[in-house]
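Using my numbering, the first residue of the sequence shown is number 560, and each one after it goes up by one. Here a beta-carbon is modelled for each residue, glycine too, at the ideal position from N, C-alpha and C. Being a predicted model, the structure only gives us computed values, none of them experimental. What follows is a short report on a single structure.
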Amino acid sequence: MTQMIHSREQAHALLREHDISPTHQRIEIAYALFSRGEHLSADQVLSAVNHLYSETSKATVYNTLNLFVRQRLIREVIVDPNKVFYDPNTLEHHHFYDVVNGRLYDVDAQNIAIHGLPSLPTGMEADGIEIVIRIRPKSQ
């Protein structure tokens, strides 16, 4: 389940918990992600934080999202080379991606069984498994 926040003060505390310096712009970006609990693209985050006043640059949004991913505050979900979502739900789960409307939906990890993995390269360990199932409306 996605952690929901309802105030910028909670966003500030969440950033501190992840050792992220809570600047004004970082708080706004965290608030945009965690107050909605949705999968958002960088452009959607930019639009949300600049809704009232255009004060945050695209570069700042991308840099902040990358920082949040590095600090494991959010997950980056790449559905194709040109479409990346940022997911505030960091618990183990997978996704449905609707290729027609461009929406991403959570799938509980318990609903997918994986039996057997290939041997990992020497000296490596698995960091996680993400499954994206692409869906579309049935043809009539």
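Residue 634 is a Cβ neighbour of residue 646, given a cutoff of 8 angstroms. If you draw a straight line from the Cα of residue 665 to the Cα of residue 654, it is about 5 angstroms long.
The beta carbon of residue 592 sits closer than 7 angstroms to the beta carbons of 599, 604, 633, 645, 647 from its chain, once the five residues preceding and following it are set aside; these are given in chain order.
Around residue 567, the same chain offers 586, 587, 590 as residues with beta carbons nearer than 8 angstroms, after the five sequence neighbours per side are excluded. DSSP places residue 587 in no beta strand (DSSP E) but in the uninterrupted alpha helix (DSSP H) bounded by 583-593. For residue 621, the enclosing alpha helix (DSSP H) has its first and last residue at 617-629.
Residues 581, 586 of the same chain have their beta carbon placed closer than 6 angstroms to that of residue 571, with the five preceding and five following residues left out of the count. By the criterion of a C-beta distance shorter than 7 angstroms, residue 562 is surrounded in its chain by 593, 647, once the five residues flanking it on both sides are discounted. The C-alpha of residue 688 is placed about 25 angstroms away from the C-alpha of residue 595. The beta carbons of residue 651 and residue 668 sit closer together than 8 angstroms. Only residues of its own chain outside the window of five on either side were considered, and among them 591 have a CB closer than 6 angstroms to the CB of residue 607, listed in chain order.
Inter-residue distance for residue 618 and residue 677 is about 38 angstroms (C-alpha atoms, whole angstroms).
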